[in-house]
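Line by line, the protein sequences give chains A and B.
Under the numbering used here, the letters of the first sequence match residues 1 to 375, in that order.
Under the numbering used here, the letters of the second sequence match residues 1 to 297, in that order.
Backbone N, C-alpha and C fix where the C-beta goes; we use that ideal spot for every residue, glycine too.
Given the structure is predicted, the values throughout are model-derived calculations rather than measurements.
Structure first, commentary second.
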Amino acid sequence: MDLQKINVQKSERKENLDNLIKQLAYPLIAIITSFVVGGLLVAAFGSNPIVAYSAMLRGSLGDITSIGETLVITTYLILTGLSIAFGFRCGLFNIGAEGQFVMGAITAVWIGWGLKGLPPFLHVTLTLVGGALAGGFWGGFVGWLKARLGSHEVINGIMMNYIAVQLSNFWVRTSLNQDGKAFSVEIADSAKLWRFSETFSVFSKTRLSGGLFVAILVALVAYYVLNKTQKGFEIRAVGFNQHAAEYGGINVKNNIILAMFSAGLFAGLAGAIMTSAMQYRVNQLMGFTGFGMDGIAVALVGNNHPIGVIISALLFGILQKGGPMMQIEGIAKEVVFIVQGILILFVAANFVRIMHDKYKINKELKNSLNKREGK
Amino acid sequence: MREMTFLTLLAIMIPATLRQATPLIFSALGGNFSERSGVVNIALEGIMAIGAFFAVYFTFITGNPWIGIAGAMFVGGLFGLLLAYLSVNFKANQVVVGTAINILAVSLTTFLLVEIFGRPGQTDNVNKIADLGPLNILTYVAIIMVFVTYYIMYKTPFGLRLRAVGEHPKAADTLGVNVYKTRYICVSISGMLAAIGGAAMAIGNLSLFKEGMIGGRGFIALAALIFGKWNPIGAFFACLFFGLAEAIRMNLSGYINVPGEFLFALPYILTMFAVSGFVGKSIGPAASGVPYEKGER
């Protein structure tokens with residue numbers, strides 16, 4: 001009896017370990033494959049992929065300044081990745097992260113520039129929270145439309161992205177304009193988030209800020225909320241099976257609104273950090289910043305898990321910061337975005353897992369056929 | 001005198017509207033094929049960029065813009081096949097895959113721009129498709145295509161099948177319609193049409209490819225499709241309307257007291273109204289976005 005129990009436990013543990021290995025191995029294989037495909041593309045145009053990728057690494061991790069700037073990008077990507085991941089966990093595709101990011105950034109200018117004479121700690125906090133809330137409402141509205149009127153969050157999200165860009169541009173051109181230039185006024189000194197360069201002289205040339213800690217902290221909170229609280233359970237239940245969740249007494253509509261609002265909070269916070277710590281102002285936007293779209297790749301590769309998101313945000317930070325260095329070596333920096341696109345395709349299509357399963361089934365078939373023939 | 005100015009206004013605005021609407025019409029029709037067969041094509045934006053680039057590339061090589069169009073259709077069709085392959089065979093989330101194709105397509109064009117034309121920003125000037133009267137030939141082709149699409153979709157057996165596959169794939173399968181094949185064909189057509197849409201911008205309205213020249217028109221085309229209730233004729237009028245908004249912004253923004261940003265945002269705001277049911281609810285094909293599994297109940 002006891003022996004049986006131990007055996008069951010053992011096999012369970014083995015299964016868990018197997019799952020863990022698979023969870024890590026599939027994205028890893030997808031990442032390597034995407035880099036290989038990107039490398040082939042580089043080689044096809046007569047450049048050396050090894051030169052390209054080592055330039056990329058040099059550009060992103062070569063010295064303390066580039067590491068700092070890589071982490072700047074990572075800061076945004078953790079939050080936008082988290083935004084998309086949170087939506088996915090509730091079965092929603094928050095393609096509107098881009099617009100929420102923009103709203104967060106411009107709202108932070110409003111608060112950072114408009115309020116005056118506040119103590120720095122309070123002003124910074126208000127700026128960040130205000131930006132996050134703006135993103136939250138921008139996302140929550142899409143959730144509300146979905147829950148109450150049944151209109152698709154992807155279509156509304158895309159539309160809200162463009163509306164956010166236009167609204168931001170309108171303000172940058174009118175109310176918040178700086179002397180007719182193509183950017184907004186600068187926020188007050190009291191609204192500026194602490195930068196590493198203020199305390200450590202090694203970081204003097206980077207814009208790396210306390211935003212990194214804020215992002216990691218938020219990711220940990222998101223992990224806790226999703227996995228350890230009742231609300232998180234409800235959100236995941238809705239994402240897993242809406243009908244079952246409803247049958248189990250969970251209010252699906254409210255959870256959809258809540259999930260989109262939270263997703264918006266994260267993306268809005270990312271925008272607010274950009275204003276409060278990196279740029280101190282918002283520029284006239286010609287298109288999207290791209291951080292919202294990159295969040296999709298970050299979330300997918302991070303398996304929609306907050307901790308996975310932190311790791312994959314770092315990977316994409318390296319990719320994007322390293323791109324321009326490839327340009328210097330005479331290789332178009334777009335290679336990194338091509339790698340990113342291929343990577344999303346692989347992960348979204350579950351390419352590695354499906355291929356692995358197919359391979360396994362074929363092998364088993366062959367084995368059993370061979371056995372029969374052998375007999 | 002006043003009447004004269006009104007006539008001149010019309011003489012500027014009507015061709016300008018049609019010129020702006022042409023790329024949208026092609027892409028919206030492309031979206032129509034794909035969505036009606038049950039595959040969400042959010043990759044229209046990226047495929048338009050691909051179409052614009054390859055139209056210029058093939059024209060650059062051969063000097064003949066019509067070969068440019070054919071080349072654009074070919075590559076656009078390949079991207080359509082990629083979307084079909086991943087959404088039909090791998091049953092991937094079509095919206096996510098579409099987004100990935102957008103990222104891939106846009107970065108591929110900028111990459112090839114640098115590698116082939118040797119500089120970022122824009123390509124050399126190439127021959128463009130000729131004008132016929134006040135309008136480009138492609139504009140006439142677009143209008144003809146609206147009716148061709150309508151005919152195919154509502155008057156032919158193939159059209160019936162493709163709509164059935166998008167509404168109720170199981171029922172269609174039971175009746176012997178090959179769901180996978182139909183979706184493959186429709187998404188490939190979708191890619192080709194979206195590519196012509198991009199080509200219409202690059203070698204119809206302009207004569208070169210510029211980085212970021214699509215600027216969200218793929219999404220506006222998608223919006224027009226929704227606004228036009230997933231119907232070629234409706235989508236056509238929506239495209240004209242969005243084309244008008246664009247033409248007003250480009251030609252008249254100095255004369256009227258509306259911020260340009262508002263005119264930019266107008267198509268998007270209207271689309272949100274349309275999908276949310278404020279101006280007659282727009283409901284898509286029932287199986288759009290749902291992968292079909294044979295034998296599933």
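query                                                                                                                                                         : result
Starting from the beta carbon of B/G216, find every residue of chain A whose beta carbon is closer than 7 Å, and list them in chain order.                    : Y162
Are the stretch 316 to 331 of chain A and the stretch 133 to 152 of chain A touching by the rule of at least three beta carbon pairs closer than 8 Å?         : no
Among B/G38, B/Q20 and B/I25, whose alpha-carbon lies nearest the alpha-carbon of B/I185?                                                                     : B/G38
Residue range of the alpha helix (DSSP H) that A/W144 falls in?                                                                                               : P120 to W144
Flag this pair as yes or no: are the beta carbons of A/V298 and A/L208 separated by less than 7 Å?                                                            : no
Can you tell which of B/T123, B/V165, B/L113 and B/V95 has its C-alpha closest to the C-alpha of A/H152?                                                      : B/V95
Please list the partners that A/V221 has in chain B, where partner means a Cβ-to-Cβ separation under 8 Å.                                                     : Near A/V221 there are no residues of chain B at all, since even the closest Cβ is about 26 Å away, more than 8 Å.
Between A/L24 and A/I311, what straight-line distance do the alpha-carbon atoms span, to the nearest angstrom?                                                : 12 Å
Under 7 Å between C-beta atoms, does B/A130 make it to chain A?                                                                                               : no
Within 10 angstroms of the Cβ of A/G199, are there 16 or more other Cβ atoms? Answer buried if so, exposed if not.                                            : The displayed chain sequence assigns Thr, not Gly, to residue 199 of chain A. The residue in question, A/T199, is exposed, as its Cβ has fewer than 16 Cβ neighbours within 10 Å.
DSSP state of A/S184, grouped into three classes?                                                                                                             : strand
Among B/S107, B/A16 and B/S34, which one has its Cα closest to the Cα of B/F53?                                                                               : B/S107
Please classify A/M286: is it buried, with 16 or more other beta-carbons within 10 angstroms of its beta-carbon, or exposed?                                  : exposed
Any C-beta of chain A sitting closer than 7 Å to the C-beta of B/R2?                                                                                          : With a pLDDT of only 49 at B/R2, under 50, the local geometry of the prediction cannot be trusted, and no value is derived from it.
Mind pulling the chain A residues with CB within less than 9 Å of B/G277?                                                                                     : L149, G150 and S151
Select from the stretch 208 to 238 of chain B all residues with a C-beta closer than 9 Å to any C-beta belonging to chain A, and list them in chain order.    : G212, G215, G216, F219, I220, L222, A223 and I226
Can you name the start and end residues of the alpha helix (DSSP H) that A/W171 belongs to?                                                                   : E153 to R173
Assuming B/T99 contacts B/I50 under a Cβ cut-off of 8 Å, what Cβ separation, rounded to an integer in Å, is found between them?                               : Contact doesn't hold; Cβ gap of about 15 Å is too wide.
Take A/N169 and list the residues in its own chain whose beta-carbon comes closer than 7 Å to its own, dropping the five residues that flank it on each side. : Q284 and L285
Under a CB-based cut-off of 7 Å, is B/T99 close to chain A?                                                                                                   : yes
To the nearest angstrom, how far is it from the Cα of B/K170 to the Cα of B/L83?                                                                              : 21 Å
Against chain A, with Cβ distances strictly below 7 Å, would B/T22 count as a contact?                                                                        : no
At the 7 Å Cβ level, is B/E261 part of the contact set with chain A, yes or no?                                                                               : yes
Compare the C-beta of A/V154 with all C-beta atoms of chain B and state if any pair is closer than 7 Å.                                                       : yes
Beta-carbon of A/N255 versus every beta-carbon of chain B: anything under 7 Å?                                                                                : no
How is A/D18 classed by DSSP in three states: helix, strand or coil?                                                                                          : helix
Which bits of chain A does B/N93 rub up against, with CB to CB less than 7 Å?                                                                                 : A348
With 7 Å set as the bound, which would you pick, yes or no: does the beta-carbon of B/E115 sit closer than that to a beta-carbon of chain A?                  : yes
State buried or exposed for B/P65, treating a residue as buried only when at least 16 other CB atoms are found within 10 Å of its CB.                         : buried
Assuming contact is defined by CB atoms lying nearer than 7 Å, are B/I67 and B/F60 in contact in what I supplied?                                             : no
Quick check: the Cα distance between B/L10 and A/F316, rounded to an integer number of angstroms?                                                             : 51 Å
Rounded to the nearest angstrom, what separates B/L89 and A/I111 at their Cα positions?                                                                       : In the sequence as displayed, the identity of residue 89 of chain B is Asn instead of Leu. The straight-line gap from Cα to Cα measures roughly 50 Å.
Measure the alpha-carbon distance for B/T149 versus B/N125 and round it to whole angstroms.                                                                   : 32 Å
Under DSSP, the alpha helix (DSSP H) around A/S368 begins and ends at which residues?                                                                         : F351 to G374
Compute the Euclidean distance between the alpha carbons of B/V177 and A/V42, then round it to the nearest angstrom.                                          : 43 Å
Just to make sure I have the definition right: I need the residues of chain A whose C-beta is within less than 8 Å of the C-beta of B/I185. Which are they?   : Ordered by position in chain A, no residue passes the 8 Å Cβ test against B/I185, which lies about 21 Å from the chain.
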